[in-house]
Structure formats: structure tokens, C-alpha cells
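Here is the structure we will look at.
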Amino acid sequence: MPYRSADNLRFWEFEIFQQYEELTCLFSTIQNSDSKLNLGFTKFADVDEVRKNRELFFNAAGTSADKIAVGKQIHSRNVRQVNEPGLFDESDGLITSKKDLSLIVSAADCLPLFLYDSVEKVCAVVHCGWRGTRDAIAEEAVRLMLESYGSDPGNIKCGIGPSIEASCYEVSSEVADQFDRRFLTPSKNDKMHLNLKDVVRTQLEKSGILPENIEVSDICNKCDEENYFSYRREGDKSGRMWGLMRINP
Numbered sequence: 000m001p002y003r004s005a006d007n008l009r010f011w012e013f014e015i016f017q018q019y020e021e022l023t024c025l026f027s028t029i030q031n032s033d034s035k036l037n038l039g040f041t042k043f044a045d046v047d048e049v050r051k052n053r054e055l056f057f058n059a060a061g062t063s064a065d066k067i068a069v070g071k072q073i074h075s076r077n078v079r080q081v082n083e084p085g086l087f088d089e090s091d092g093l094i095t096s097k098k099d100l101s102l103i104v105s106a107a108d109c110l111p112l113f114l115y116d117s118v119e120k121v122c123a124v125v126h127c128g129w130r131g132t133r134d135a136i137a138e139e140a141v142r143l144m145l146e147s148y149g150s151d152p153g154n155i156k157c158g159i160g161p162s163i164e165a166s167c168y169e170v171s172s173e174v175a176d177q178f179d180r181r182f183l184t185p186s187k188n189d190k191m192h193l194n195l196k197d198v199v200r201t202q203l204e205k206s207g208i209l210p211e212n213i214e215v216s217d218i219c220n221k222c223d224e225e226n227y228f229s230y231r232r233e234g235d236k237s238g239r240m241w242g243l244m245r246i247n248p
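According to numbering that gives the first Met the number 0, the residues represented by the sequence shown are 0 to 248, in order.
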């Protein structure tokens, strides 16, 4: 399994990125020696505990709070280019070529997408909920990498992280009607199961990403209660995982 531990925390890592010594890419689990590692200020979260957890995360990931860029995720297709740390409004995707700037993506069922061009040295993180996926936020991220950073799609490696699988992701007919039928399977009560991972993978390939350059996690965070939070499983009490990507100094 592609996990590693650091400072008593357990992280998921993509095999596709491990060849790049200049790159750090990881996705948190809930595993922590003291308590569940919730990194989000959610409705029922203990603020002090989340702050403590974030410090643990920063230390284990080799960064600090003043070296991260975080988007205020609103389930949009907005992708922002960033060159400095901070909180960026209405941003579900972040792109940078700046070294030692850690990009953060938050998730608890939605799909965390990571992209890296090792030639132009540019990376991106994207929060892909069903709305952003419907609006092709993955394609928008690739477009910006090509147009603003000179990337060749053949050089971009992509990782689709642990997120909800189609078998656990039941959606209403109103949501299902906004997606191609090939990504849907029938459920009960006129509902459908939506395969977000396949939608995003298809969008990446449409943008010119080579199929062999896309790694897709087969983990369903709703099923894997031992390692991941899930909003579908826990509701408003659910915590959040963080994904991080950084071009090392």
C-alpha cells in the first residue's frame, strides 16, 4: 500500500510522483497517535484541536503555516495561479511554479486531484466535487498549465486521490441528468450512482494527458473508516483530510 508515516502521522502517496525528488505530494489520513487528524474547521470541530492537528501536519510535511496556499473551496471551476502563501477566495484549484510554496486541497468525499509538469516545474491541486466536475474544473487546470506556464500535456503527471467510489455515491436524478450516462449506474428509488473518478480521468485525457500518466486511487474513503473521513458516512460531524503538493527548494 502506498502509505508512509512521519511524526506519528500516516499519509497516502502516489507512486507516479515518487520518481521526482524535487516534489512533495501527500494526502492525510485520520491516523494520529493522539486522536483523529481532522484538519478542517467544520461545524462540530474543536478549534484548538484542529489548530494542533494542522501544526502536526505542517511539521510532518516539512512546511509551516506561513508557506501554504489554501483555496476557499466553493464547488466551482475556479482555478487560481498563486505565487505567495495565503487564503484565496472562491478557488477550488491552485497552480504554482514557485518553489517551497505548498498548495493545499481539502476533501471529505470529493476528489482531490494533483498535477505536476516536471519539465516546466509547475504543480496544481484541484478540488473536484460534482459541480466542479460537471463544469470541467480538471480541464480548466490543464488549460492554465498549458497557456500560462508553457506545459506540454504529454509531460503532465496526474494523481486522483482517495475519494468516494461510484458504489457509495448515490445522486438524485437532477444531478445525474447533468452527466453523461456512461458514468452512471442505476440505484434505487430513481437515483443513480455517479463515478466521479472516471469523469475526471476522461476529462484529463480529453485535455491531452496520456492515460499512462494518470494514477487513480482505488480507495473509497466512505468505505475505509479506519483511514479517512467521509461526509456521506458521518454527516456534519465529519472531519477533513488535506492534500499537499510542493516543489521543494
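Note that beta-carbon positions come from the ideal geometry of N, C-alpha and C, so glycine has one too.
All figures in this text were calculated on a predicted structure; none of them were measured in a lab.
Grab the span of the alpha helix (DSSP H) containing G234 for me, first residue to last. Taken as a continuous stretch (DSSP letters only), G234 belongs to no alpha helix (DSSP H), as it is neither H nor E.
Given N247 as reference, the closest of K42, S101, I15 once Cα atoms are compared: Of K42, S101, I15, the smallest CA-CA separation from N247 is found for S101.
Say whether chain D places a C-beta atom closer than 8 Å to the C-beta of L22. Judged by its chain identifiers, the structure shown contains no chain D, having just a single protein chain.
Taking one C-beta from the segment 9-17 and one from the segment 148-163 each time, how about it: are there three or more such pairs within less than 8 Å? Enough Cβ pairs lie closer than 8 Å, so yes.
Start and end of the beta strand (DSSP E) containing E224? Counting along the chain, E224 falls outside any beta strand (DSSP E), and DSSP gives it neither H nor E.
Taking the straight line between their C-alpha atoms, what separation do you get for A165 and H192? So the two alpha carbons sit approximately 5 Å from each other.
Report the three-state DSSP secondary structure of R200 (helix, strand or coil). Note: R200 maps to helix in three-state DSSP.
Can you find the residues in the same chain that come closer than 8 Å, C-beta to C-beta, to R79, ignoring five residues on each side of it along the sequence? Taken in chain order, the residues that qualify are G70, F87, S90, G92, L93, I94.
Spatial neighbours of E138 in its chain, beta-carbon cut-off 7 Å, leaving aside the 5 residues before and after: Cβ neighbours of E138 within its own chain (closer than 7 Å, five residues either side excluded): Q202, K205, S206.
Where does the unbroken beta strand (DSSP E) through G92 begin, and where does it stop? Run containing G92: 92-95, per the beta strand (DSSP E) assignment.
Which one or two residues does DSSP pair with F10 in a beta bridge? Answer is R3, S27, bridged to F10.
Out of I29, E21, D179, which has the shortest C-alpha to C-alpha gap to S4? Nearest option by C-alpha distance: I29.
Quick check on DSSP: helix, strand or coil for I67? Here I67 sits in strand by DSSP.
For R50, which option in G39, A60, Y230, G149 has the closest C-alpha, if you only look at C-alpha atoms? The residue with the shortest Cα to Cα distance from R50 is G39.
At what residues does the beta strand (DSSP E) containing T184 begin and finish? In this chain, the beta strand (DSSP E) harbouring T184 covers 183-185.
Can you check which of these residues, K66, G131, C222, L114, is closest to Y19 by C-alpha distance? Out of K66, G131, C222, L114, L114 has the C-alpha closest to the C-alpha of Y19.
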